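Protein sequence lines, in the order shown, are assigned to chains A and L.
Residues in the first sequence are numbered from 1 upward in steps of one, following UniProt numbering.
Residues in the second sequence are numbered from 1 upward in steps of one, following UniProt numbering.
Notes follow once the structure below has been shown.
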Amino acid sequence: MKLTSYGRSLHELNILKDQGFEEVILEPKSLSRFGKLSKDEFLALSMRAKELGLRVLLEWDILMTEDVFTAKLKEVNDYVAHADAVRVQDPGAFGWVVRNTDRPLQFIAENGNHNLPALEGWVDLAKGRLERLILSIELSKTAIEGYVQKLKVPCELLGMGRILLFYTPRPLLSALAPEKMTMNGEIAALGESEESPHKGFPIVENAHGTFMFHIKEFCLVDFAHELRQMGLGFFRIDQRWDNQLLAEISGLVKNFDATGFETFKEKYTQDLMRGFYLVNKTDVLFPKLKNSRLQKREGDYIGEVLEAEKGSHLAIMVKNPKGLKKTDLLKILHPKGEIFESKIYSLRNLSLEEVDSVAAGNLAIIQFIGGVWVKSQVFYQ
Amino acid sequence: MTKHQLPEVLAPAGSLDKLKIAVLYGANAVYVGGQKFGLRTAADNFTLDELREGMNFAHERGTQVYVVLNSFLHDKDLEEVPEFVKFLEEIGTDAVIVSDLGVVKTVRAHSKIPVHISTQASTLNSESARIWKEAGATRIVLGREVSVKEAGKIKREVDIEIEMFIHGSMCMAYSGHCVISNFTQGRDSNRGGCAHSCRFEYSLEGLDTPEKKKAYFMSSKDLEGLRVLPAFIEEKIDSLKIEGRMKSHLYAGTMSKVYSEALKYYAEHGDFLSDDLINWEAELSKVSHRTYTEASLVEKAGADSIFNERENASDGEWQMVGSVIDANPKSGIVIEVRNAFNQGDELEIIPFKGPAIKVVANEIMDLAMKAVTRTRPTTLVRLPFVEGVSSMHLVRQRGKA
Chain A
1 MKLTSYGRSL HELNILKDQG FEEVILEPKS LSRFGKLSKD EFLALSMRAK ELGLRVLLEW
61 DILMTEDVFT AKLKEVNDYV AHADAVRVQD PGAFGWVVRN TDRPLQFIAE NGNHNLPALE
121 GWVDLAKGRL ERLILSIELS KTAIEGYVQK LKVPCELLGM GRILLFYTPR PLLSALAPEK
181 MTMNGEIAAL GESEESPHKG FPIVENAHGT FMFHIKEFCL VDFAHELRQM GLGFFRIDQR
241 WDNQLLAEIS GLVKNFDATG FETFKEKYTQ DLMRGFYLVN KTDVLFPKLK NSRLQKREGD
301 YIGEVLEAEK GSHLAIMVKN PKGLKKTDLL KILHPKGEIF ESKIYSLRNL SLEEVDSVAA
361 GNLAIIQFIG GVWVKSQVFY Q
Chain L
1 MTKHQLPEVL APAGSLDKLK IAVLYGANAV YVGGQKFGLR TAADNFTLDE LREGMNFAHE
61 RGTQVYVVLN SFLHDKDLEE VPEFVKFLEE IGTDAVIVSD LGVVKTVRAH SKIPVHISTQ
121 ASTLNSESAR IWKEAGATRI VLGREVSVKE AGKIKREVDI EIEMFIHGSM CMAYSGHCVI
181 SNFTQGRDSN RGGCAHSCRF EYSLEGLDTP EKKKAYFMSS KDLEGLRVLP AFIEEKIDSL
241 KIEGRMKSHL YAGTMSKVYS EALKYYAEHG DFLSDDLINW EAELSKVSHR TYTEASLVEK
301 AGADSIFNER ENASDGEWQM VGSVIDANPK SGIVIEVRNA FNQGDELEII PFKGPAIKVV
361 ANEIMDLAMK AVTRTRPTTL VRLPFVEGVS SMHLVRQRGK A
């Protein structure tokens with residue numbers, strides 16, 4: 001497992017070289033969501049990286065509408081020419097790199113792509129040009145292990161760094177405090193949501209839009225050994241907001257020691273989390289989002305009680321094409337779960353005439369059944 | 001494209017009732033969700049029986065039905081897709097709406113149902129559309145960040161059907177690129193568990209104010225593209241989508257009616273230069289909504305597209321009173337009451353075509369024919385029969401608590 005990280009200065013390139021990195025991600029301000037490098041700075045760093053023996057990866061990870069994309073194409077070749085590989089997130093950039101350059105491609109599949117056929121699909125669409133897939137941090141280790149073993153290309157995973165929660169092209173902070181915009185075209189704040197106990201979400205607005213991060217940073221440093229054994233290709237360390245401890249983190253990934261990691265965590269300014277690495281259960285709450293007793297069923301479902309007039313009647317909207325017959329035996333499921341069973345003693349239509357049956361799409365009025373409420377679901381017994 | 005080279009009106013249908021309402025009020029197509037694989041876990045959604053019935057109901061009236069499979073599915077979820085897709089093909093589903101490449105491949109491996117790429121995939125440019133076409137898509141639902149002009153260019157360059165949102169709530173984030181719920185609530189927003197964290201108030205620190213600044217800074221105004229219709233037509237956009245499977249019956253009906261009537265007017269007159277435009281806008285304002293914006297349909301959405309207010313679900317100028325269950329001279333107009341009204345109140349019954357029918361509720365009876373002075377929600381009441389009123393018509397009243 002190799003390490004990868006970002007470089008924004010000659011100093012950072014030297015750290016990467018010293019720590020045994022074989023590559024560096026360079027982010028032009030124009031093409032990368034959090035890029036700081038002007039074209040001249042990119043070219044200078046690219047040249048220096050190559051002198052140091054570092055492979056240069058161009059990060060082109062913004063999403064682009066048609067007009068933005070067209071504008072970017074006027075300059076992207078200047079960067080591509082000085083890169084050894086191109087990293088993209090927008091499928092448009094993916095397609096353009098495959099069709100218009102000879103550079104190896106790295107696809108940032110961090111949004112979705114939580115299944116093997118999707119990841120294999122991107123490999124196929126790249127027509128042999130894909131050299132790396134950057135996986136989602138929402139994947140569990142079981143999923144990662146499976147993908148690493150089955151995919152034809154190496155995989156990369158964020159191992160340490162900020163968790164991006166939200167990305168919009170709209171300017172959301174400058175509307176509130178335009179005077180805070182820096183010379184660099186950035187504005188930053190910390191957010192606290194009324195819905196959540198979490199405080200201090202870092203928020204950044206720049207030329208590409210507004211971004212919000214989790215209050216905790218993602219950290220799999222203590223699982224690096226496990227990831228290495230799985231066969232993960234690349235472990236990404238993202239210290240773009242504070243690179244003071246880049247060398248120390250790299251050292252821990254290469255040679256983990258529990259005591260050193262505890263010491264590191266104490267001095268690291270942000271709290272750390274492992275996200276869904278052990279298990280992803282972000283769908284287990286779904287059944288609780290609605291009352292299962294109000295959910296309709298297949299087959300024996302007759303319809304729904306629209307009115308329950310105590311001592312008088314129940315009005316049932318008949319939905320089953322078989323309709324409702326006076327001889328039918330009913331099973332009625334109350335919204336709170338109680339089940340009532342009953343014969344039909346009186347069956348009337350809307351004109352209050354006694355009838356033998358009521359067809360689908362019509363209202364059936366039967367005798368009141370104690371305890372049954374509106375929204376109760378009615379079934380054939 | 002439908003005849004006259006007009007885009008189709010594609011309405012949301014969160015339930016079988018809403019599907020029928022959207023179809024009857026003029027939608028050319030509806031989109032629905034099954035019990036799984038969609039992004040509206042909390043919606044009623046359709047059982048298999050309802051999907052079959054809804055499909056038949058729509059097709060008998062010339063309306064297409066698209067089924068959403070637009071979750072970002074995990075491997076385990078994907079295992080169940082083939083069987084569902086075979087069922088969808090069997091009942092004649094006109095297309096499925098998908099946002100994940102793995103789902104695209106699975107659908108194509110097990111059926112010949114056309115695949116539309118969901119807005120959740122944030123397809124924003126022609127190169128991206130080309131990739132999805134290569135993967136087998138027949139239509140792209142573009143990201144809401146794309147202007148109509150850009151969409152036209154994408155269509156011309158890629159030669160693929162283009163669908164765009166014209167109305168409804170909007171994610172502030174690039175769709176599919178928000179995972180706040182995942183990490184703060186443990187609910188996968190891209191599998192139907194979105195907690196709408198963007199709609200809450202945030203206290204912001206670091207903006208040069210002595211105290212934290214409070215703002216709903218991530219909450220977007222609602223999209224409304226009525227006045228952009230000529231541009232959609234000019235750019236030959238194939239489908240105009242209305243957001244809102246979770247929204248009310250009144251919403252589904254009003255939106256389907258207004259946008260289809262506006263397009264029909266254009267088909268007949270070749271323009272929208274009509275007093276009807278004012279009426280259509282008035283109709284749109286009668287449904288509960290946040291402040292409207294054209295967002296990025298014409299120019300890139302800026303700071304003025306932020307809603308920055310607390311939600312108030314009942315802030316519509318008008319409210320839905322209920323829907324007509326039955327209407328004939330013998331049993332009268334039977335209304336399923338959702339919001340109470342009183343004897344003497346003025347109501348509007350909305351026909352499938354044409355202006356609202358005004359009714360004064362002078363004489364209200366319950367189902368058992370007893371006189372009523374004040375109705376209650378979740379009851380059924382009768383009004384005297386009025387010519388032109390029929391089953392499934394929606395009833396509204398100028399808003400009151």
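Ideal Cβ placement from N, Cα and C applies to all residues, glycine included.
Model, not experiment: these values are computed from the prediction.
| query | result |
| --- | --- |
| Contacting residues, own chain, Cβ-Cβ under 7 Å from residue 158 of chain A (five flanking each side not counted) | 137, 218, 236, 238 |
| Cβ of residue 147 of chain A within 7 Å of any chain L Cβ | no |
| Any chain L beta carbon closer than 7 Å to residue 170 of chain A | yes |
| Contact list for residue 73 of chain L against chain A, beta-carbon separation under 9 Å | 112, 114, 115, 118 |
| Reference residue 380 of chain L; option with closest CA among L/339, L/358, L/242 | L/339 |
| Cutoff 6 Å; reference residue 308 of chain A; Cβ partners in own chain excluding five residues on either side | 314, 372, 373, 374 |
| Segment limits, beta strand (DSSP E) that includes residue 275 of chain L | Unbroken run through residue 275 of chain L is the alpha helix (DSSP H), 275–285; no beta strand (DSSP E). |
| Classification of residue 395 of chain L by the beta-carbon crowding that lies within 10 angstroms, buried from 16 upward | buried |
| Given residue 328 of chain L as reference, the closest of A/333, A/351, A/140 once Cα atoms are compared | A/351 |
| Residue 201 of chain A versus A/228, A/226, A/184, A/163, residue with shortest Cα-Cα distance | A/163 |
| Delimiting residues of the beta strand (DSSP E) encompassing residue 11 of chain A | From DSSP, residue 11 of chain A is part of no beta strand (DSSP E) but of the alpha helix (DSSP H) over 10–18. |
| Whole-number beta carbon distance between residue 129 of chain A and residue 106 of chain A, since they are thought to touch under 8 Å | That pair is no contact at about 10 Å. |
| Partner residues on chain A for residue 130 of chain L, Cβ-Cβ distance less than 7 Å | 95 |
| Chain A residues whose Cβ lies nearer than 9 Å to that of residue 338 of chain L | Within 9 Å Cβ-Cβ: nothing; residue 338 of chain L doesn't reach chain A, min ~11 Å. |
| Residue 222 of chain L at chain A interface by Cβ criterion, 7 Å | no |
| Minimum length 4: unbroken alpha helix (DSSP H) runs contained in the segment 222–270 of chain A | 224–230, 246–254, 258–267 |
| Bridge-paired residues (DSSP) for residue 95 of chain L | L/66 |
| Those residues which DSSP pairs with residue 202 of chain A across a bridge | A/190 |
| Within chain A, the residues that residue 208 of chain L reaches when beta carbons sit closer than 7 Å | 177, 179, 180 |
| For residue 80 of chain L, the nearest candidate out of L/127, L/354, L/35 (CA to CA) | L/35 |
| Per DSSP, the bridge partner or partners of residue 313 of chain A | A/309, A/367 |
| Touching by the beta-carbon criterion (3+ pairs, under 8 Å), the segment 285–300 of chain L and the segment 141–150 of chain L | yes |
| Stretch pair the segment 260–271 of chain L + the segment 225–236 of chain L: three plus CB contacts closer than 8 Å | yes |
| Candidates A/310, A/14, A/34, A/377: closest to residue 241 of chain A by CA position | A/34 |
| Within-7 Å CB hit, residue 352 of chain L to chain A | no |
| Among A/104, A/334, A/329, A/285, nearest to residue 154 of chain A - alpha-carbon criterion | A/104 |
| Beta carbon proximity, residue 32 of chain A to chain L, threshold 7 Å | no |
| Min CB distance residue 214 of chain A to chain L below 7 Å | yes |
| Unbroken beta strand (DSSP E) run spanning residue 211 of chain A, endpoints | 209–219 |
| When L/391, L/397, L/398 are compared against residue 17 of chain L, the one with the closest alpha-carbon | L/391 |
| Cβ-Cβ distance between residue 320 of chain A and residue 140 of chain A below 7 Å | no |
| Cβ neighbours of residue 69 of chain L in the same chain (closer than 6 Å, five flanking residues each side left out) | 37, 96, 98, 103 |
| Residues that DSSP places opposite residue 178 of chain L in a beta bridge | A/166 |
| Range covered by the beta strand (DSSP E) that runs through residue 45 of chain A | No beta strand (DSSP E) holds residue 45 of chain A; the alpha helix (DSSP H) holding it covers 39–51. |
| Where residue 61 of chain L falls: helix, strand or coil (DSSP) | coil |
| Inter-stretch contact (C-beta, 8 Å, three-pair minimum) for the segment 63–77 of chain L and the segment 106–122 of chain A | yes |
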